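In case it helps, my numbering puts the sequence shown at residues 8 to 426.
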Amino acid sequence: MCDGADRASWKKRRHGASGCVSVLHVRAAWPGAARPLELPLHGTMNGLSGALPHEVSAGHARRMPVRSRLVQAVVALVAVAALAGAVPVTHAQTAADDLEAAKSRALELQDRMDEAEAQRQSLATRIEVLDATIVRQRDVVARADADVQAATGTYHARLVAMYKAKRPDAITLLLNARTIGDLLARAVLLTRIAEADKRVMRDAVAMADEAAHQEAVLEDLKAQETALRREQDARIADLSTMLAEQNALVARLTEAARKELEARIQAGKGARQQWRASSVPIGTTFTLTEAAVDDYPGTGWLIPDFRPQRFKVAGEAFTAKCSWYGPGFNGKSTSSGQIFNQDDFTCADNWHPFGTYLALQRNDKRIIVLVNDRGPFLWQGGRWVPHPIRKLDLSRASAYALGFSGVADVRIQPVVAVP
């Protein structure tokens, strides 16, 4: 039996085979705990024979020293406390991970928006150039149509004149010749008349063909413009979607993360302004000098004299097709924000970051160019896509320095300036 002190000291009593089974109730300290944790202690208070359930054998409680029983109780309480504290720590860690993921995603979106904005700017420039080309092409078509009308009119006038003249047919004209010399003269005259008639007809046909070709070119340019504007609208839609997602993430960020994101945005704006400010005025006369690449001693690389003049290799070399651009784009904004100058040593590249220097070599000619634009692009399937074969669009001066005017194989290697 349990005495009164036992009953007063314990929350609950259970009778076992050998007496009282007292249960210590310990309330868990974490949210959502459904019930107290029960720690059974077997025996009487005067004997302090506390034992865990697995220590009861054959209906009898095995006595344990007081120190052992107290140690077990303390260990149990410590375990409960550890479990209680583990859950809030886990929740805190999950919240911290969520915030870090939100910050990383917001920064990633900013990088993607910067690139999308660069592509949108590149498309805007190409639309501007294409619009000017369409205007010129309309003039070409108008002149071609006028030429067709003139040639057709000449041909019709020739037919009317022949009809009104009521001249005899060629056979009769030849048979009426009085002498051999007269026959030959009449034959030559008939030949010349026939050639003139054929020429008038050929001119009319050629003018009609040319007009049809120029009209087809105009229609193709219009289709390209429509596709460019569609691509531009898609970039704007992408920007709007990413901005909305970023704004939703910003609401969850800590103040420090918001400041980091704002710093990234301002850095992007500042970089574009710096690119714009670094533009070389159109019409500037460039002075070229030789730069050195540490990894290729004894070789010189042409570069404008206001750029760095010592470099080292920063990546693997490869050979690729390169084209060039200039007329129509000169003086227009590039994707980086810098004004394009066809006389500078620059290039458009779809893969390397803006500001990358590339060492280019073709045969015995070597130059170093700066990436400041995106390209080259290919008109394919009704849309503009990054060119699958050509890797660089060089400025006119860069292509001229390498000795080509169309498309050529060029050795390309990234380099960095050495202070």
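No residue lacks a Cβ here, since even glycine has one placed at the ideal position from N, Cα and C. Predicted model, so just to flag it, every value in this text is computed and none were measured.
Membership of residue 266 in the alpha helix (DSSP H) is indicated by the continuous run 262-284.
Distance check between residue 316 and each of 370, 382, 262, 374 places 374 closest, using alpha-carbon atoms only. Residues of the same chain with a CB within less than 8 Å of the CB of residue 136, apart from the 5 flanking positions on each side, are 335, 336, 339 in chain order. By alpha-carbon distance to residue 305, the top candidate from 219, 297, 153 is 297.
Here residue 321 has 421, 422, 423 as same chain residues with Cβ atoms under 6 Å from its own Cβ, once five neighbours each way along the sequence are excluded.
Around the Cβ of residue 410, a 10 Å sphere holds fewer than 16 other Cβ atoms; the residue is exposed.
Judged by DSSP secondary structure, residue 403 falls within the alpha helix (DSSP H) whose first and last residues are 403-409. Annotation: residue 416 to residue 234 spans about 30 Å, alpha carbon to alpha carbon.
In the DSSP annotation of this structure, the continuous segment of the beta strand (DSSP E) that includes residue 297 starts and ends at 295-300. Taking a cut-off of 8 Å for Cβ pairs, the segment 210-225 and the segment 145-157 touch, as three or more such pairs fall below it. Taking a C-beta distance under 8 Å as the contact criterion, residue 330 and residue 397 qualify as a contact pair. A Cβ-Cβ distance of about 41 Å is found for the pair residue 225 and residue 310, leaving them out of contact under the 8 Å criterion.
The beta carbon of residue 369 sits closer than 8 Å to the beta carbons of 409, 410, 411, 415, 416, 417, 418 from its chain, once the five residues preceding and following it are set aside; these are given in chain order.
Rounded to the nearest angstrom, the gap between the Cα atoms of residue 325 and residue 361 is 19 Å. Short of 8 Å from the beta carbon of residue 231, and not among the five residues preceding or following it, lie these beta carbons of its own chain, in chain order: 137, 386, 391. The C-beta distance from residue 404 to residue 345 rounds to 15 Å, too long to fall under 8 Å, and the pair is not in contact.
The C-beta distance from residue 353 to residue 376 rounds to 6 Å, short enough to meet the 8 Å contact threshold. Of the other Cβ atoms in all chains shown, 16 or more fall within 10 Å of the Cβ of residue 238; this residue is therefore buried.
Counting along the chain, the unbroken beta strand (DSSP E) around residue 330 starts and ends at 325-332.
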